[in-house]
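Novice: Once you've had a glance at the structure underneath, I'll fire off some questions.
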Amino acid sequence: MDGERKSVAVALLCAAGVSVLLLKWREQQKVKRKLQRAREKREKEVGQAEKAVNRFKTQNAGVDLSSIVTLPLAELSQKIRGGSLQPDAVLHAYIEKALEVNRELNCSTAVLMESLKQLEEVESHKEGLLYGIPVSIKDNVDYKGYDSTCGVLTKLDDPVIKDSVVVSVLKKQGAIPFIKTNIPQGLLNYECSNPIYGRTVNPCNLQKTCGGSSGGEGALIAGGGSILGLGTDIGGSIRIPASFCGICGLKPTNNRISLHGVNSCAKGGKTALSAVGPMARDVESLALCMRALLCTDMFTLDPTVPPIPFNQQVYESSEPLRIGYYENDGYFQPSPSMSRALRETRELLEQAGHTLVAFNPPRTFTAFHELVLRGNLADAGATLLQHFKEGPVDQCLKYQVSFCAVPVFVKKLISLLLRPIYPRMAAAIHSICGVSSVADLWKQHSEAEGYIQETLAQWEKLELDVLLCPMLGPAYNFNYTGKQSSALTYTALYNVLNFPVGVVPVTEVTDEDEEQLKHYTGNYGDLWDKTFIKAIRGGVGLPVAVQCVARPWQEEMCLRLMREVEKLCAKNKHSKTHHFPFSTEAV
Numbered sequence: 123m124d125g126e127r128k129s130v131a132v133a134l135l136c137a138a139g140v141s142v143l144l145l146k147w148r149e150q151q152k153v154k155r156k157l158q159r160a161r162e163k164r165e166k167e168v169g170q171a172e173k174a175v176n177r178f179k180t181q182n183a184g185v186d187l188s189s190i191v192t193l194p195l196a197e198l199s200q201k202i203r204g205g206s207l208q209p210d211a212v213l214h215a216y217i218e219k220a221l222e223v224n225r226e227l228n229c230s231t232a233v234l235m236e237s238l239k240q241l242e243e244v245e246s247h248k249e250g251l252l253y254g255i256p257v258s259i260k261d262n263v264d265y266k267g268y269d270s271t272c273g274v275l276t277k278l279d280d281p282v283i284k285d286s287v288v289v290s291v292l293k294k295q296g297a298i299p300f301i302k303t304n305i306p307q308g309l310l311n312y313e314c315s316n317p318i319y320g321r322t323v324n325p326c327n328l329q330k331t332c333g334g335s336s337g338g339e340g341a342l343i344a345g346g347g348s349i350l351g352l353g354t355d356i357g358g359s360i361r362i363p364a365s366f367c368g369i370c371g372l373k374p375t376n377n378r379i380s381l382h383g384v385n386s387c388a389k390g391g392k393t394a395l396s397a398v399g400p401m402a403r404d405v406e407s408l409a410l411c412m413r414a415l416l417c418t419d420m421f422t423l424d425p426t427v428p429p430i431p432f433n434q435q436v437y438e439s440s441e442p443l444r445i446g447y448y449e450n451d452g453y454f455q456p457s458p459s460m461s462r463a464l465r466e467t468r469e470l471l472e473q474a475g476h477t478l479v480a481f482n483p484p485r486t487f488t489a490f491h492e493l494v495l496r497g498n499l500a501d502a503g504a505t506l507l508q509h510f511k512e513g514p515v516d517q518c519l520k521y522q523v524s525f526c527a528v529p530v531f532v533k534k535l536i537s538l539l540l541r542p543i544y545p546r547m548a549a550a551i552h553s554i555c556g557v558s559s560v561a562d563l564w565k566q567h568s569e570a571e572g573y574i575q576e577t578l579a580q581w582e583k584l585e586l587d588v589l590l591c592p593m594l595g596p597a598y599n600f601n602y603t604g605k606q607s608s609a610l611t612y613t614a615l616y617n618v619l620n621f622p623v624g625v626v627p628v629t630e631v632t633d634e635d636e637e638q639l640k641h642y643t644g645n646y647g648d649l650w651d652k653t654f655i656k657a658i659r660g661g662v663g664l665p666v667a668v669q670c671v672a673r674p675w676q677e678e679m680c681l682r683l684m685r686e687v688e689k690l691c692a693k694n695k696h697s698k699t700h701h702f703p704f705s706t707e708a709v
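The opening position of the sequence shown corresponds to residue 123 in this note's numbering, with each subsequent residue numbered one higher.
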């Protein structure tokens, strides 16, 4: 009898095991089908877009589409308004170029075929500041009828029912959103890769990441497939891809541009704040976009946005500025090219008559751990991890996600053991354990407010107009971003401070920079510093940028410094290119 019972028990266990395996297999097949549908949908849109371009070229044989995409935004806008270029030609030119760039870089998640229908009514928006301008938008910016996937399977097959406020305003200003761009899985990473659409690569070097989370935007614009785009930024997500790809980007003050209809995998944080901002090839394009967006339509559609129009007078002022600067924030030692970019830019500004004043960011170690890391992961990453349960985790995120999933008590133990050897790593691990109570969360919010006031007091003491600081770069090799959150001090602190920040490319990595990297030790000499060397190795020729910072609600002042940096660097580059050591007459 006992033998029979054992046999039955074994049979039941086997059946249960088979059921579990069968259930798991079915879930895997379901995930595969979901992924396949998403990819097929994108391919179908690409095919439709290609046919539309070919049809337009056949019907308009005399139009040279290739020359349209070489025009700067200001000139393109002027030609459209003057009638020498038609919006339909401009849109088809950019669709054609975007498809070409996408084939090489894999930077889109959807081609918005509705953009062709929008041409029928674009004439009614002829007075708009962006009349006839094709615009790309980051995947998480809602566009009616399309998914805002955020790179996760949980948000697939869930098309939004209406446009985000920012898309509505773009349309009212005559712009034509025509493509959505790729992002990292879950958005909280600065390499652009996800299991749905794959990896986006850097147009400057295909073996490097384009950055993230607005990585598809950075790659598409730098590759020439878009002239103006919108990204979002909660820790550097506009600025890092702009820096890595060699374009300009602006992170405004939180809610200077409406966030209504902008998606996320972890909404609700109030310590490190997100913002929507423009990305483009030059500063003037960013300013034009801000002028267009900061209008009555936005203030009406989203009454929570302060009705502050763009101050053109501040932006165009040529008065000398009092500029704070720092080269090393004391937490993360910049790469050789980052340091050189900062020093060279500072010297150019001084030569141009501006006053440069040394500035020390207050309490970077504490602010980064307690406000940035603990602020973004106050729930120990639980909300974010919910979106990773369905389907595979992208390669670039495996380290980050697996560590988040470790039980809190284990993380605290690891932090305790590491503290005597690697204090910075220990503090960071302790931070991602999150807050332990509502009281702790309120305390964190209070500390963030205090940190903002402390920083502003230092600005006032030094009588600063703006601030110049290093920008993370150059572009990383693949699969390092998840292991390098420590490098984000140069960007993420300004999301806690809620200061507007812009990125301007100023130089490129030289052979000498690469050589100096061999002697890089970092501020702590820990594993993160050693990993950083591996992450940026092989960067000769890649773009390097600086950051320009202003106080809250002073985007115009931020853009003014950016424009000055851009102008001085262009002038300096031109003089070097055309410098001769002796007179041609002497020859």
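Glycine included, each C-beta is placed from N, C-alpha and C at the ideal position.
Going by the beta-carbon positions, is the gap between D355 and S396 smaller than 9 Å?
Specialist: Yes, the Cβ-Cβ distance between D355 and S396 is below 9 Å.
Novice: Just to confirm the assignment: which complete alpha helix (DSSP H) runs, minimum length 4, are found wholly within the stretch 535-612?
Specialist: 545-553 and 560-584, all fully within the stretch 535-612.
Novice: From what residue to what residue does the beta strand (DSSP E) around T354 run?
Specialist: Per DSSP, T354 belongs to the beta strand (DSSP E) from L350 to D355.
Novice: Need the endpoints of the beta strand (DSSP E) that V479 sits in, please.
Specialist: Run containing V479: T477 to A480, per the beta strand (DSSP E) assignment.
Novice: Among the residues of its own chain, which have a CB less than 6 Å from the CB of P703, if the five just before and after it don't count?
Specialist: Because P703 sits at a pLDDT of 42, beneath the cut-off of 50, its placement in the model cannot be relied upon, and the following sentence gives the value as read from the coordinates. There are no such residues.
Novice: Relative to the C-alpha of N327, which candidate in I349, E339 and F366 has its C-alpha closest?
Specialist: For N327, the nearest C-alpha among the options comes from F366.
Novice: Among F481, S559 and R685, which one has its Cα closest to the Cα of V405?
Specialist: Among F481, S559 and R685, the Cα nearest to that of V405 belongs to R685.
Novice: Cβ of Q240 within 9 Å of Cβ of A414?
Specialist: Not a contact, by the Cβ cut-off of 9 Å.
Novice: When you compare only the Cα positions, how much space is there between A708 and A692?
Specialist: With a pLDDT of 32 at A708, under the threshold of 50, the predicted position of this residue should be treated as unreliable, though the coordinate-derived value follows. Approximately 29 Å between the Cα atoms of the pair.
Novice: Taking only three categories from DSSP, how would you classify Q329?
Specialist: Q329 falls in the strand class under three-state DSSP.
Novice: Please state the DSSP three-state secondary structure of E242.
Specialist: In the structure shown, E242 sits in coil (DSSP, three-state: anything other than H, G, I, E or B).
Novice: Only counting the same chain, and skipping five residues up and downstream in sequence, which positions put a Cβ closer than 7 Å to that of I536?
Specialist: Once the five neighbours on either side are set aside, the close Cβ partners of I536 are I551.
Novice: State buried or exposed for K698, treating a residue as buried only when at least 16 other CB atoms are found within 10 Å of its CB.
Specialist: Under this definition K698 is an exposed residue.
Novice: Quick check on W564: buried or exposed, where buried means 16 or more other Cβ atoms within 10 Å of its Cβ?
Specialist: With fewer than 16 other Cβ atoms within 10 Å, it is exposed.
Novice: Should the stretch 300-320 be regarded as contacting the stretch 268-275, the criterion being three or more beta carbon pairs within less than 8 Å?
Specialist: The stretch 300-320, when compared against the stretch 268-275, does touch it at the 8 Å Cβ threshold.
Novice: Hey, how far is the Cα of P428 from the Cα of L539?
Specialist: About 48 Å.
Novice: Considering only C-alpha positions, which residue in the set N228, T276 and G353 is nearest to V289?
Specialist: Per the Cα distances, G353.
Novice: Starting from the Cα of T477, find the closest Cα among A402, S439, F490 and Y447 and give me that residue.
Specialist: It is Y447.
Novice: Quick one: what's L372 bridged to in DSSP?
Specialist: Paired residues: G624.
Novice: Mind reading off the beta-carbon distance from T375 to P596? Whole number of angstroms is fine, and I expect it under 8 Å.
Specialist: With 8 Å as the limit, T375 and P596 do not qualify as a contact, their Cβ atoms being about 28 Å apart.
Novice: Find the nearest neighbour of H491 within the set I554, P483 and V479, judged by alpha-carbon distance.
Specialist: Taking only the C-alpha atoms, the option nearest H491 is I554.
Novice: I'd like to know whether the C-beta atoms of G308 and L506 end up nearer to each other than 9 Å.
Specialist: In contact: G308 and L506 (Cβ atoms closer than 9 Å).
Novice: Can you list, in chain order, the residues of its chain whose CB lies under 7 Å from that of L584, leaving out five sequence neighbours each side?
Specialist: If we look at L584 and ignore the five residues flanking it on each side, its Cβ neighbours are G446, V479 and F481.
Novice: What are the residues that DSSP puts in a beta bridge with Q669?
Specialist: Answer is C591 and V625, bridged to Q669.
Novice: Between which residues of its own chain and I655 is the CB-CB distance below 7 Å, once the five residues before and five after are set aside?
Specialist: Once the five neighbours on either side are set aside, the close Cβ partners of I655 are L639 and Y642.
Novice: Return the CA-CA distance between V623 and R177, expressed in angstroms with no decimal places.
Specialist: Computed Cα separation, rounded: 43 Å.
Novice: In terms of residue numbering, what span does the alpha helix (DSSP H) encompassing T303 cover?
Specialist: Counting along the chain, T303 falls outside any alpha helix (DSSP H), though it belongs to the beta strand (DSSP E) covering I298 to T303.
Novice: Classify H247: buried if its beta carbon has 16 or more other beta carbons within 10 angstroms, exposed otherwise.
Specialist: By the neighbour-count rule (16 or more Cβ atoms within 10 Å), H247 is buried.
Novice: Taking a contact to mean a Cβ-Cβ separation below 9 Å, would you say T632 touches T331 in this structure?
Specialist: Cβ atoms of T632 and T331: not closer than 9 Å.
Novice: Where does the unbroken beta strand (DSSP E) through S336 begin, and where does it stop?
Specialist: No beta strand (DSSP E) holds S336; DSSP gives it neither H nor E.
Novice: Keeping to the same chain, check which residues put their C-beta closer than 8 Å to that of N599; ignore five residues upstream and five downstream.
Specialist: For N599, where only same-chain residues beyond five positions count, the Cβ hits under 8 Å are Q329, K330, T331, K656, A657, I658, R659 and G660.
Novice: According to DSSP, what are the bridge partners of A397?
Specialist: A397 is bridged to D355.
Novice: Would you report the Cα separation of Q522 and K534, rounded to the nearest angstrom?
Specialist: Spanning the two alpha carbons is a distance of roughly 16 Å.
Novice: Rounded to a whole number of angstroms, what is the C-alpha to C-alpha distance between L234 and L464?
Specialist: Computed Cα separation, rounded: 39 Å.
Novice: DSSP on Y616, reduced to helix/strand/coil?
Specialist: Here Y616 sits in helix by DSSP.
Novice: Pull the bridge partners of G446 from the DSSP assignment, please.
Specialist: Looking at the DSSP assignment, G446 forms a beta bridge with V479 and L589.
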